[in-house]
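Asker:
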Amino acid sequence: MAVPVEKLTKAYIKIRDKRSELSANFKEEDGKLAEKQDKIKRALLDYCKEQGVDSVRTPAGLFWRTIKQRYWTSDWESMHSFIMDNNVPEFFEKRLNQTNVRQFIEENPDLVPAGLNVDSEYVISVRKK
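Per my numbering: the sequence shown = residues 1314 to 1442.
1. If contacts are defined as beta-carbon pairs under 8 Å, then D1388 and R1378 qualify, I think. What distance do you get, rounded to the angstrom?
2. Under the three-state reduction of DSSP, which class applies to W1385: helix, strand or coil?
3. Can you tell me the Cα-Cα spacing of Q1411 and G1374, whole angstroms?
4. The alpha helix (DSSP H) spanning V1369 covers which residue range?
5. Give the range of the beta strand (DSSP E) segment to which L1375 is assigned.
6. Can you tell me whether DSSP reads A1315 as helix, strand or coil?
7. Between N1413 and E1420, what straight-line distance do the alpha-carbon atoms span, to the nearest angstrom?
8. Do you know offhand how far M1392's Cα is from P1402's?
9. Taking C-beta to C-beta, are L1357 and F1376 nearer than 7 Å?
10. Can you give me the start and stop residues for the alpha helix (DSSP H) that N1413 sits inside?
11. Only counting the same chain, and skipping five residues up and downstream in sequence, which positions put a Cβ closer than 7 Å to that of I1326?
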């Protein structure tokens, strides 16, 4: 005998709620630990700066500082022109904007780019009544 769908729906909601609770607790605890870790990182960075060193070996372990750089643009039109003018397409990341591709395909069903792959699957959404 198959399990009644009402019972499956109730079980699904119960599991989802428990997972949400566990996730919220984890995020809260993890956030507290991340905050403590950030304070320690700042103290270690301060130590490196004060001592004029880039790495320190201790009996507990080794720590070192490096320079992390991030790049972005506030002028996409100029950046796009620069990339094209200097033939540096590697400045772009290889990924597609899912929303824009879906919208384009919906509006142009007969115009599909070569090499475009589509993966579709049914999903179930459940909510309380």
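Even glycine gets a Cβ: it sits at the ideal position worked out from N, Cα and C.
Answerer: Taking the coordinates as given:
1. The pair is not a contact, with the Cβ atoms about 32 Å apart (cut-off 8 Å).
2. coil
3. Taking C-alpha positions only, Q1411 is separated from G1374 by approximately 44 Å.
4. Careful: V1369 lies outside any alpha helix (DSSP H), inside the beta strand (DSSP E) at S1368 to T1371.
5. G1374 to W1377
6. coil
7. 10 Å
8. The alpha-carbon atoms of M1392 and P1402 are separated by roughly 11 Å.
9. Annotated as proximal: L1357 and F1376, with beta-carbon spacing under 7 Å.
10. Q1411 to E1420
11. V1439 and K1441
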